[in-house]
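Below: the structure, in structure tokens.
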Amino acid sequence: MSPGRPLRVLLAKLGLDSHTIGVTVIARALRDAGMEVIYSGLKQTPEMVVATAIQEGADVIGVSSLSAAHMHHIPRVVELLREEDAADTLVIAGGVIPEEDVRELQRRGVARVFTMGTETGAIVAYLKDWWESR
Amino acid sequence: MPASPMPEAKPDLEALRRAQADWQRETLDPALARDGERKDAFTSQALRWPTERLYTPLDLEAIGFDYLRDSGFPGQWPYTRGNDPNGYRSDLWTMTQVTGFGTGEEWAKRARYMLDQGLSGLIIEYDLPTTNGLDSDHPLAAGEVGRAGTAIDTLADMEAALDFDFTGLRHLTSVCNGPQPVNLAMILAALEKKGVDPSSFTLQMPNAILIEYTCVGRYLFPPEHGLRIATDVIEYTIRNHPRWVPIAVVSAQLYAARANPVQELAFSFAIAMQYLDSVLARGFHVDEVAPYFSFITGVDMDFLEAIGKLRAYRKLWPRLLRERYRACRPESLRLNLMASPGTMSLTLQQPQNNIARLAIQMLACVLGGGGRTMTTPLHDEAHALPSEEAIAVGAAIQHIVAHETGAADTVDPLAGSYAVEVMTRRIEDAVMAEIENIDAMGGALAAIQQGYFQRELAREQVERNREIEEGRRVLVGVNHRVREERDRGIELFRLDPESERRQIARLARVRGERDPGKVEDALERVRDAAERGENLMPAVLDAVKVYTSQGEICDALREVFGSYTPDSLTTGV
């Protein structure tokens, strides 16, 4: 039951984390799978990312995090989406995130966390399944 | 031996050619018919160049190899065999390690510990707020203070960071590219307070802002202003602290962003020439400036690529300086290179395997003549900040290669290896072609502004990931001999969670105790110097001494220069 148009994904970097290899690789894999990808650029606040997601009509926000600040920023994205009445936007995360933080992020509304070493195909498949179930 | 390639093969090469044809027919072909080969194609790891089964003098003949022109003698043109006539036989390299976390006090304690491990050089890394020119209490800094490096807001922090016994310290690298003028000013002011003669050790400042725009992302201002600030640091240091090294092209960052050796060298040299042009425009002669340039590189696991790359580095930089800038002093032509095993080869999986990787890469660094200063990353680096155990193992790797292998006892010991000489030459030729390509774009600054470097690196990142996912590139523990790991069995360093809170409290205390009028005046002078195009260093030094924070100084500069936000063309994503 896919909504009949390509999935739109906003890939985001929050705070000062400037590792971009992961987000570059994922952007390419999602585009190759027919999805529309928007990239936030670096040094974004949760407010900036949520504003971009709403403005661009993103179905998914994918946060890439390879620094220590993921617990400061990612749950805030989920909160802001609720406040902006955009809670149907799927939030996923990926990068270097310790196991105990993965559980906490999921408890606070992040749908799925893909840790280091995940194959791009697994992320594509997850998003396709989610989109088809909409 | 004549300097030009022979028009026709010499008789002994003819005999060799016949012998090789006989060998192939009588010995090799039957073996291949029986055993086949374990791969369809053999290629080098990063460059993906075909790797031949066998290299012989015929391959040297094919590239027109000439001993005196291509290799020569160490300490002389063309410097392929090294800058030091006696290699590592007089002195081993300076052994350093990277460290940086927490507050200045925590760094000072770790610095002394590292010197006590037998290291004579240190590299201080700063946290992301510091390297982005933001104070610890900035909203974007949350969760990052003291994490990826040491937090420095004001001179008080630098005083704390340098408050340790300097005995045994020969070399300090301070990695703070974007706000490097502020960082240099804080180090100078802290040394003055401590009463240490700045010339008692070598301070190396990467000051490598053009690399930040290319791949690292810790930029503050638009690229042309970044270049101007970097030039201020170079000019000020050469005029006032001639023993220090005010510019290092951190090629290792390009390597970490997956640049292959040809891209790494070509982009690095193009960037170095951009700095050089900018400094020469301040009225220096090339031979006054060139000796200050340094390069910091990382080597990867492919042994021939690693050694070929290091030899090509030493050979190409003097060639560019002589051919393009008419440099002639030997001090200009000897490339100041600092090599280290590359962090990008380290895996999160089975971290103890990284000790083997580091040892192999360290050996390649020494066999390739990686420079007068070398460093080892640490085997748990993919997990967290290095533990003390990992630091001790990292130092031991350098000592094992230095004392147990004999690799440091012969100068450039792999020279003359048919495979090594062919690889060196191939890298050299490909780098020169790519530099000409960058020239045609208008040089490094223009290539960055057009997003060329960024897109080239993005392409490599995507391709390399595909190779790993498809199993075309084997990584032990990742896609080969994978095993379940419950406990990775390494001791991880845990940062004190109170560190961030203490740092922000100290910043507030310093702000409360200083003279606000003096700070305002100092910031006005910084803005003024920025607008007039004067060298920023004197005004920044004055501002630092009255405890103006680095975020405040950088904000004043942002008012003049503006901030930088790359567009979709220049992010490479």
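Chains as they are written, first to last, in the working numbering: chain A, -7 to 126; chain B, 20 to 592.
Glycine residues also receive a C-beta, built at the ideal position from the N, C-alpha and C atoms.
It should be emphasised that the depicted structure is a prediction, and the values quoted were computed from it without experimental measurement.
### Query
Curious, which full-length beta strand (DSSP E) runs of at least 3 residues does the region 222 to 301 of chain B contain?
266 to 268
### Query
Taking 7 Å as the line, does the beta carbon of Ile46(A) fall inside it for any heavy atom of the ligand FMN?
The model depicted lacks the ligand FMN and carries no ligand whatsoever.
### Task
Determine which residues share a DSSP beta bridge with Thr366(B) and list them.
The residue you call residue 366(B) lines up with position 347 of the second sequence. Per DSSP, none; premise fails for Thr366(B).
#### Entry: Nearest candidate by alpha-carbon position, reference Val450(B), set Gly327(B), Gln469(B) and Gln473(B)
Within the second sequence, residue 450(B) is the residue found at index 431, counting from 1. Nearest of Gly327(B), Gln469(B) and Gln473(B) to Val450(B), Cα basis: Gly327(B).
### Query
Helix, strand or coil: how does DSSP classify Val308(B) here?
As a working note, residue 308(B) is residue 289 in the second sequence. Here Val308(B) sits in helix by DSSP.
#### Entry: Where Cys573(B) falls, given that 16 or more other Cβ within 10 Å makes a residue buried
Translated into the one-based positions of the second sequence, residue 573(B) becomes position 554. Flag for Cys573(B) reads buried.
### Query
Just how far apart, CA to CA, sit Val501(B) and Ser436(B)?
If you number the second sequence from 1, residue 501(B) lands on position 482. If you number the second sequence from 1, residue 436(B) lands on position 417. C-alpha separation (whole angstroms): 35 Å.
### Task
Using a Cβ cut-off of 9 Å, pull out every chain A residue sitting near Val194(B), in sequence order please.
Against the second sequence, residue 194(B) aligns to sequence position 175. Those within 9 Å of Val194(B) in chain A number zero; the least Cβ separation is about 14 Å.
### Query
Can you tell me where the alpha helix (DSSP H) with Lys328(B) in it begins and where it stops?
One-based indexing of the second sequence puts residue 328(B) at position 309. Segment Phe322 to Tyr344, the alpha helix (DSSP H) holding Lys328(B).
### Query
Can you tell me the Cα-Cα spacing of Trp42(B) and Ala52(B), whole angstroms?
Translated into the one-based positions of the second sequence, residue 42(B) becomes position 23. Translated into the one-based positions of the second sequence, residue 52(B) becomes position 33. Between Trp42(B) and Ala52(B), the C-alpha separation is close to 14 Å.
#### Entry: DSSP state of Ser219(B) mapped onto helix, strand, coil
As a working mapping, residue 219(B) is identified with position 200 in the second sequence. Three-state DSSP puts Ser219(B) in a helix.
#### Entry: Reference Pro349(B), options Pro360(B), Arg333(B) and Ala358(B), closest by Cα
Residue numbering aside, residue 349(B) sits at position 330 when the second sequence is read from its first letter. Out of Pro360(B), Arg333(B) and Ala358(B), Arg333(B) has the C-alpha closest to the C-alpha of Pro349(B).
### Message
Counting only beta-carbon separations shorter than 8 Å, does Thr169(B) have a partner in chain A?
### Response
Stepping through the second sequence from its first residue, residue 169(B) is reached at position 150. No, its Cβ sits nowhere closer than 8 Å to a Cβ of chain A.
### Task
Hey, could you find the ends of the beta strand (DSSP E) Val105(A) is sitting in?
Numbered from 1 along the first sequence, position 113 holds the residue referred to as residue 105(A). Taken as a continuous stretch (DSSP letters only), the beta strand (DSSP E) holding Val105(A) covers Arg104 to Thr107.
### Query
Within the chosen definition, does the region 215 to 225 of chain B reach the region 417 to 433 of chain B through at least 3 CB pairs nearer than 8 Å?
no
### Rounded C-alpha distance that separates Thr173(B) from Ile66(A)
Start at 1 with the first residue of the second sequence, and residue 173(B) comes out as number 154. Start at 1 with the first residue of the first sequence, and residue 66(A) comes out as number 74. So the two alpha carbons sit approximately 30 Å from each other.
### Query
Rounded to a whole number of angstroms, what is the C-alpha to C-alpha distance between Asn105(B) and Asn355(B)?
Along the second sequence, read from residue 1 onward, the residue named residue 105(B) stands at position 86. Along the second sequence, read from residue 1 onward, the residue named residue 355(B) stands at position 336. Between Asn105(B) and Asn355(B), the C-alpha separation is close to 16 Å.
### Backbone secondary structure at Gln39(B) - three-state DSSP
On the second sequence, position 20 is the one that residue 39(B) refers to. Three-state DSSP puts Gln39(B) in a helix.
### Query
Tell me the DSSP bridge mates of Arg0(A)?
In the first sequence, the residue the question calls residue 0(A) occupies position 8. In the DSSP output, where bridge partners are listed per residue, Arg0(A) has Glu28(A).
### Task
Quick one: residues in its chain with C-beta nearer than 8 Å to the C-beta of Glu125(B), no 5 flanking neighbours on either side, listed in chain order?
Against the second sequence, residue 125(B) aligns to sequence position 106. Counting only Cβ-Cβ distances below 8 Å, and skipping sequence neighbours, we find Gly165, Thr169, Asp515 and Ser518.
### Message
Looking at chain A, is there any beta carbon in it that lies within less than 8 Å of the beta carbon of Val559(B)?
### Response
Looking up residue 559(B) in the second sequence gives position 540. False, the Cβ-Cβ gap to chain A never drops below 8 Å.
### Query
When you compare only the Cα positions, how much space is there between Glu488(B) and Gly113(A)?
Reading the second sequence from its first residue, position 469 is the one you call residue 488(B). Reading the first sequence from its first residue, position 121 is the one you call residue 113(A). Distance between the alpha carbons of Glu488(B) and Gly113(A): 9 Å.
### Query
Taking only beta-carbon atoms, is Leu511(B) less than 8 Å away from chain A?
Residue numbering aside, residue 511(B) sits at position 492 when the second sequence is read from its first letter. Note on Leu511(B): pLDDT 48, under 50, position unreliable in the model; the coordinate value appears next. So no, Leu511(B) is outside the interface.
### chain B contact for Arg95(A) (CB, 8 Å cutoff)
Here residue 95(A) refers to the residue found at position 103 of the first sequence. Judged by the 8 Å Cβ criterion, Arg95(A) is not in contact with chain B.
### Message
Can you pull out the residues from the region 152 to 185 of chain B whose beta carbon lies closer than 8 Å to at least one beta carbon of chain D?
### Response
Here the protein chains are A and B, and chain D is not one of them.
#### Entry: Option nearest Met133(B) by Cα separation, candidates Asp448(B), Ala415(B) and Glu479(B)
The residue given as residue 133(B) occupies position 114 in the second sequence. When each option's Cα is compared against that of Met133(B), the closest is Ala415(B).
### Message
Rounded to the nearest angstrom, what separates Pro(-2)(A) and Ser56(A) at their Cα positions?
### Response
Along the first sequence, one-based indexing puts residue -2(A) at 6. Along the first sequence, one-based indexing puts residue 56(A) at 64. Straight-line Cα distance between these residues: approximately 21 Å.
### Query
Can we say the region 197 to 205 of chain B touches the region 145 to 153 of chain B, given the rule of at least three CB pairs closer than 8 Å?
yes
### Query
Quick one: what's got a C-beta closer than 6 Å to Tyr232(B)'s C-beta in the same chain, skipping five residues either side?
Taking the second sequence and counting its residues from 1, the one referred to as residue 232(B) is at position 213. If we look at Tyr232(B) and ignore the five residues flanking it on each side, its Cβ neighbours are Tyr238, Pro242 and Ile467.
### Task
Over the uninterrupted alpha helix (DSSP H) stretch that includes Asn372(B), give me the two end residues.
Reading the second sequence from its first residue, position 353 is the one you call residue 372(B). Per DSSP, Asn372(B) belongs to the alpha helix (DSSP H) from Asn372 to Leu386.
### Query
For Val70(A), which residues from the same chain have a beta carbon less than 7 Å from its beta carbon, with the 5 sequence-adjacent residues on both sides left out?
The sequence position of residue 70(A) within the first sequence is 78, counting from 1. For Val70(A), where only same-chain residues beyond five positions count, the Cβ hits under 7 Å are Val83, Arg100, Gly101 and Val102.
### Query
Helix, strand or coil: which one does DSSP assign to Glu17(B)?
Residue 17(B) lies beyond the stretch modelled for chain B, which goes from 20 to 592, so this question has no answer here.
### Query
Is it buried or exposed for His62(A), if we count other Cβ within 10 angstroms and need 16 for buried?
Position 70 of the first sequence, counted from the first residue, corresponds to residue 62(A). Buried, since its Cβ has 16 or more Cβ neighbours within 10 Å.
### Message
Within 8 Å, do at least three Cβ pairs link the region 552 to 567 of chain B to the region 204 to 217 of chain B?
### Response
yes
### Query
Below 8 Å between beta carbons: does that hold for Leu273(B) and Phe286(B)?
Here residue 273(B) refers to the residue found at position 254 of the second sequence. Here residue 286(B) refers to the residue found at position 267 of the second sequence. The answer is yes: Cβ separation under 8 Å.
### Query
So, is Gly33(A) buried or exposed, given that buried needs 16 or more other C-beta atoms within 10 angstroms?
The count along the first sequence starts at 1 and reaches residue 33(A) at position 41. Label assigned to Gly33(A): buried.
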